[in-house]
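All remarks here apply to the structure that follows.
Residue numbers (this note's numbering): 11 to 320.
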């Protein structure tokens with residue numbers, strides 16, 4: 011009888027171990043990193059999301075996996091499929107945190123609000139990948155432009171925000187006059203950008219500095235600011251715009267004169283109605299020199315003498 015009891019207990023114990031092992035295996039299968047996959051709702055008024063867990067750690071494989079998820083068809087039919095036969099990704103490149111997706115010609119069939127929401131969904135989804143900080147879109151190798159013909163430019167996750175549950179309310183349009191270097195790097199040239207769509211949660215002053223860091227979009231204009239420069243803060247008080255940048259600003263990969271860089275920032279910001287002068291600092295410190303010949307202790311005002319006369 012005792013032997014039978016021992017056998018019964020052993021069987022119960024073995025069954026329990028098997029059950030725990032099975033549960034552990036199921037839990038292990040579910041382990042991984044949770045990502046949000048973004049889609050456009052059927053009314054095309056906002057972005058919706060669903061969670062997706064991936065065990066992939068390789069950045070390239072993860073990107074392919076998340077792109078595949080954007081082709082997902084909703085069983086409840088409560089959101090639109092973003093990628094597939096209508097919109098296809100023809101290629102991609104990843105360079106220094108910038109992921110560029112090249113789409114087929116059919117991308118141009120997207121119009122107005124729907125195009126912005128589709129773009130926001132893709133950018134929000136893929137910038138969750140650790141190696142991807144920013145994104146750019148091209149169509150058959152050509153830079154994506156908006157309805158006014160202006161370049162859309164580089165985007166990040168915070169380019170797109172939700173506002174009262176309606177994504178389109180997060181956007182405003184503005185015309186900007188920016189100043190970049192000429193071909194020889196010793197003067198400034200104007201670049202007029204019309205109907206720039208921007209996140210209404212950021213200031214125009216910060217938008218201007220962001221666009222300067224991204225660089226020009228027109229022929230004959232050349233970048234003035236190190237593209238790895240990060241914006242620490244941009245604030246305006248009593249007509250003075252205080253621009254604080256990280257250490258990367260102090261290094262210059264381009265053949266551009268020091269004063270061209272300084273007045274690229276200054277002249278562009280002074281084009282805004284509430285800015286009369288500019289003070290630049292690096293990580294909060296202005297008691298330093300830019301490239302050893304321009305003191306950042308100075309407050310800079312508009313300089314039209316540095317414009318290219320041609």
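Using N, Cα and C, we set each Cβ at its ideal position, and we do this for glycine too.
Just so you know, these numbers come straight off a predicted model, no measurement behind them.
- Which one of 252, 216, 197, 120 has the shortest CA to CA distance from residue 289? The sequence position of residue 289 within the chain shown is 279, counting from 1. Among 252, 216, 197, 120, the Cα nearest to that of residue 289 belongs to 252.
- Task: Take residue 256 as the anchor and find which of 118, 57, 56, 296 has the nearest alpha-carbon.
- Result: Counting from 1 along the chain shown, the entry for residue 256 is found at position 246. It is 296.
- Is there at least one Cβ from chain B nearer than 7 Å to residue 44's Cβ? The displayed structure is made up of one protein chain only, and chain B is not part of it.
- Message: Relative to the C-alpha of residue 144, which candidate in 104, 151, 128, 119 has its C-alpha closest?
- Response: Taking the first residue of the chain shown as 1, we reach residue 144 at position 134. Cα-wise, what sits closest to residue 144 is 104.
- Message: Quick check: the Cα distance between residue 114 and residue 161, rounded to an integer number of angstroms?
- Response: Within the chain shown, numbered from 1, the residue matching residue 114 stands at position 104. Within the chain shown, numbered from 1, the residue matching residue 161 stands at position 151. Taking the straight line joining both Cα atoms gives about 17 Å.
- Message: List, from N- to C-terminal side, the beta strand (DSSP E) runs of 3 residues or more that fit wholly inside the stretch 258-306.
- Response: 287-292
- Item | Start-to-end residues for the alpha helix (DSSP H) that takes in residue 130 | Your numbering for residue 130 matches position 120 in the chain shown. That run of the alpha helix (DSSP H) goes 122-136.
- Can you name the residues that DSSP bridges to residue 105? Residue numbering aside, residue 105 sits at position 95 when the chain shown is read from its first letter. 108, per the DSSP bridge assignment.
- Taking the alpha-carbon positions, what's the residue 93 to residue 309 distance? Residue mapping note: residue 93 aligns to position 83 of the chain shown, counting from 1. Residue mapping note: residue 309 aligns to position 299 of the chain shown, counting from 1. So the alpha carbons of these two residues sit roughly 50 Å apart.
- What number of angstroms, rounded off, separates the C-alpha of residue 44 from the C-alpha of residue 203? Stepping through the chain shown from its first residue, residue 44 is reached at position 34. Stepping through the chain shown from its first residue, residue 203 is reached at position 193. Computed Cα separation, rounded: 39 Å.
- Query: So what does DSSP say about residue 219, is it helix, strand or coil?
  - Reply: As a working note, residue 219 is residue 209 in the chain shown. DSSP places residue 219 in helix when its eight states are reduced to three.
- Query: What are the boundary residues of the alpha helix (DSSP H) that residue 76 is part of?
  - Reply: As a working mapping, residue 76 is identified with position 66 in the chain shown. Segment 69-79, the alpha helix (DSSP H) holding residue 76.
- Message: Distance check for residue 221 and residue 237, CA to CA, integer angstroms please.
- Response: In the chain shown, counting from the first residue as 1, residue 237 sits at position 227. In the chain shown, counting from the first residue as 1, residue 221 sits at position 211. Between residue 237 and residue 221, the C-alpha separation is close to 10 Å.
- Item | Simplified DSSP state of residue 198, which is helix, strand or coil | As a working note, residue 198 is residue 188 in the chain shown. Three-state DSSP puts residue 198 in a strand.
- Message: Below 8 Å on the Cβ atoms is my contact criterion, and I expect residue 149 with residue 109 to pass it. Report the Cβ-Cβ distance as a whole number of Å.
- Response: Residue 149 sits at position 139 when you count from the first residue of the chain shown. Residue 109 sits at position 99 when you count from the first residue of the chain shown. The pair is not a contact, with the Cβ atoms about 16 Å apart (cut-off 8 Å).
- Regarding residue 216 and the ligand SAH, is the C-beta to nearest heavy atom distance less than 6 Å? The ligand content of the structure shown is nil, which means the ligand SAH is not present either.
- Query: So who's on the other strand from residue 51, going by DSSP bridges?
  - Reply: Residue mapping note: residue 51 aligns to position 41 of the chain shown, counting from 1. DSSP, once it has assigned bridges, lists 89 as partnering residue 51.
- For residue 286, the nearest candidate out of 313, 225, 79 (CA to CA): Walking along the chain shown from the start, residue 286 turns up at place 276. For residue 286, the nearest C-alpha among the options comes from 313.
- Take the Cβ of residue 233 as the centre, count every other Cβ of all protein chains shown within 10 Å, and call the residue buried at 16 or more, exposed below. One-based indexing of the chain shown puts residue 233 at position 223. Residue 233 comes out buried.
- Message: For residue 280, tell me which candidate among 235, 214, 262, 303 has the shortest Cα-Cα distance.
- Response: Indexing the chain shown from 1 puts residue 280 at position 270. Comparing Cα-Cα distances from residue 280 to each of 235, 214, 262, 303, the minimum goes to 214.
- Reference residue 77, options 137, 119, 271, 189, closest by Cα: Your numbering for residue 77 matches position 67 in the chain shown. The residue with the shortest Cα to Cα distance from residue 77 is 137.
- To which residues does DSSP link residue 57 through a beta bridge? The residue labelled residue 57 in the question sits at position 47 within the chain shown. Paired residues: 50.
- Identify whether residue 152 lies in helix, strand or coil by the three-state DSSP scheme. Position 142 of the chain shown, counted from the first residue, corresponds to residue 152. Residue 152: strand per DSSP, three-state reduction.
- As assigned by DSSP and simplified to three states, the class of residue 314: As a position in the chain shown, residue 314 is number 304, starting the count at 1. Residue state, collapsed to three classes: coil.
- Message: Rounding to the nearest angstrom, what Cα-Cα distance links residue 303 and residue 292 in this structure?
- Response: Reading the chain shown from its first residue, position 293 is the one you call residue 303. Reading the chain shown from its first residue, position 282 is the one you call residue 292. Their backbone Cα atoms lie some 15 Å apart in a straight line.
- Taking all protein chains shown into account, do 16 or more other C-beta atoms lie within 10 angstroms of the C-beta of residue 83, making it buried, or fewer, making it exposed? Taking the first residue of the chain shown as 1, we reach residue 83 at position 73. Exposed, by the Cβ-count rule.
- Own chain, CB closer than 7 Å to residue 72, minus 5 neighbours either side, in chain order: Position 62 of the chain shown, counted from the first residue, corresponds to residue 72. For residue 72, where only same-chain residues beyond five positions count, the Cβ hits under 7 Å are 64, 66, 139.
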